[in-house]
Amino acid sequence: MAEITAGMVRTLRDKTDAPMMECKRALAEADGDLGKAEDILRVKLGNKATRAATRVAAEGVVGIHVSPDGKLGALVELNCETDFVARNEDFLAFAGTLAELVVRSNPADVAALGALPHGAASVEEARKGLVGRIGENMSIRRFARIEAKGRLARYVHGGAKIGVLVDYTGGDEQLGKDLAMHIAATKPVSLSKEDVPAELVSKEREIASAKAAESGKPANIVEKMVEGSVQKFLKEVTLLGQPFVKDDKQTVEALLKSRSAAVSRFVLFVVGEGIEKKSTDFAAEVMAQAGAAAR
8 MAEITAGMVR TLRDKTDAPM MECKRALAEA DGDLGKAEDI LRVKLGNKAT RAATRVAAEG
68 VVGIHVSPDG KLGALVELNC ETDFVARNED FLAFAGTLAE LVVRSNPADV AALGALPHGA
128 ASVEEARKGL VGRIGENMSI RRFARIEAKG RLARYVHGGA KIGVLVDYTG GDEQLGKDLA
188 MHIAATKPVS LSKEDVPAEL VSKEREIASA KAAESGKPAN IVEKMVEGSV QKFLKEVTLL
248 GQPFVKDDKQ TVEALLKSRS AAVSRFVLFV VGEGIEKKST DFAAEVMAQA GAAAR
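Mind the numbering: the sequence shown is residues 8 to 302 in the numbering used here, read in order.
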């Protein structure tokens, strides 16, 4: 039996907002496996156990650039160790430059981006130079480049912690901005239910089945409950199925139809999504920030 530490309980509580004792019991049942414990809480507590995907687990910013004609755009996630450095002007400028380079040069991957010219040096050399000046490690984690079928709308939120690009046709500029803001707020997994990864649907079906089985109802009723839960999940995680944030009486799909508009694709970056952030105490973080400022 794995030892359940206070740190493990705190981590699970941060991810799920579930009560501390429920987190401890779930971890014990899962033999210390955080992922399994989160699933157990979702079965027991339903929507009270929120998904960890909306949590930010590392520091940094999302750089964003769109060409003047609105046809080409890019998002770049640039990570650092502390939020203090994420607000540094040189760090922010470097993130913006990276996004512009991705639009202009279309590198194949992060390594190819690092090899691109950046002034008299390369991007990778510029990164190392910035590390030396600021005194904190940083890395280019990922980027996405879109060649629009229609035109691109962009939006950044929360000090550039969230970045969105939306490729849409029809409507007007305000509609594009509204769509981008909606995506930043609701964080859909995909455009439509057909695009949701099969493994996510399968996992949701397993969780719904476990919850329905506890009801003690007949098998045919349980089957309907499971299917209803899965369909509800698909609406919640798809852009077209979600209620529009500025008017929850209609879905995004209905909004687009009313405006003779369509979305071809969107890209959403949340800084640190999926990265486990090392824990540190507050005093140590303050000292680290003071040291960086002095340098």
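Note that CB positions come from ideal geometry on N, CA and C, so glycine has one too. Because the structure is a prediction, the values reported are computed rather than measured.
Original post:
For Cys30, which beta-bridge partners are listed by DSSP?
Top reply: For Cys30, which the question treats as bridged, DSSP gives no partner whatsoever.
**OP:** Quick one: give me the first and last residue of the beta strand (DSSP E) that Gly170 is part of.
**Re:** Counting along the chain, the beta strand (DSSP E) containing Gly170 begins and ends at Ile169 to Thr176.
Original post:
What first and last residue would you give for the beta strand (DSSP E) that runs through Ile153?
Top reply: Residues Met145 to Glu154.
Original post:
Out of curiosity, what's the CA-to-CA distance linking Ala118 and Val130?
Top reply: Rounded to whole angstroms, the gap between the alpha carbons of Ala118 and Val130 is 10 Å.
**OP:** Compute the Euclidean distance between the alpha carbons of Glu154 and Ala13, then round it to the nearest angstrom.
**Re:** Here the alpha carbon of Glu154 sits roughly 48 Å from the alpha carbon of Ala13.
**OP:** Just grab the DSSP bridge partners of Ile71 for me.
**Re:** Residue pairing for Ile71: DSSP places it in a beta bridge opposite Leu82.
**OP:** Under 6 Å Cβ to Cβ from Gly303, same chain only, skipping five residues before and after it: list those, please.
**Re:** Residue 303 is absent from the structure shown; the chain starts at 8 and stops at 302.
Original post:
Going straight from the alpha carbon of Thr23 to that of Ile47, what length do you get?
Top reply: Thr23 and Ile47: Cα-Cα distance of roughly 11 Å.
Original post:
Alpha carbon to alpha carbon, what distance is there between Leu108 and Gly279?
Top reply: Straight-line Cα distance between these residues: approximately 22 Å.
**OP:** Might you give, ordered along the chain, the residues of its own chain that have their beta carbon closer than 8 Å to the beta carbon of Ile11, omitting 5 neighbours on each side?
**Re:** Correct list, in chain order: Lys31, Leu34, Ala35 and Gly39.
Original post:
Buried or exposed: where does Glu260 fall if 16 or more other Cβ atoms within 10 Å of its Cβ makes it buried?
Top reply: A residue is called buried once 16 or more other Cβ atoms fall within 10 Å of its Cβ, and Glu260 is buried on that count.
Subject >> 8 Å CB neighbourhood of Glu206 in its chain, flanking five on each side removed >> reply: Around Glu206: no qualifying Cβ.
Original post:
Can you tell which of Val69, Thr104, Glu201 and Phe240 has the C-alpha that lies nearest to the C-alpha of His164?
Top reply: Proximity to His164 across Val69, Thr104, Glu201 and Phe240 peaks at Val69, based on C-alpha coordinates.
Original post:
Looking only at C-alpha atoms, which of Lys210, Val208, Val237 and Phe101 sits nearest to Val138?
Top reply: When the alpha-carbon of Val138 is set against those of Lys210, Val208, Val237 and Phe101, the nearest one is in Phe101.
Subject >> Span of the beta strand (DSSP E), counted from its first residue to its last, around Thr258 >> reply: Asp254 to Thr258 is the extent of the beta strand (DSSP E) around Thr258.
Subject >> Neighbourhood of Ser74 by C-beta distance below 8 Å, restricted to the same chain and skipping five residues each side >> reply: The residues are Gly80 and Val110.
**OP:** Could you pull out every residue in the same chain whose Cβ sits closer than 6 Å to the Cβ of Ser216, ignoring the five residues on either side in sequence?
**Re:** If the five residues before and after Ser216 are omitted, its C-beta is found closer than 6 Å to the C-beta atoms of Val233, all from its own chain and listed in chain order.
Original post:
Is the number of C-beta pairs between the region 165-177 and the region 264-276 that are closer than 8 Å three or more?
Top reply: Counting Cβ pairs under 8 Å, three or more are found: they touch.
**OP:** Given a cut-off of 7 Å, decide if Gly103 and Asn86 are closer than it, judged by their beta-carbon atoms.
**Re:** For the pair Asn86 and Gly103, the CB atoms are not nearer than the 7 Å cut-off.
Subject >> Enclosing beta strand (DSSP E) for Leu159 [first to last residue] >> reply: Looking at the DSSP string, the run of the beta strand (DSSP E) that includes Leu159 is Arg158 to His164.
**OP:** Consult DSSP for Thr193 and reduce its assignment to one of helix, strand or coil.
**Re:** Residue state for Thr193 is assigned as helix, using DSSP reduced to three classes.
Subject >> C-alpha gap between Ala151 and Ser222, whole angstroms >> reply: Counting only the Cα atoms, Ser222 lies some 44 Å from Ala151.
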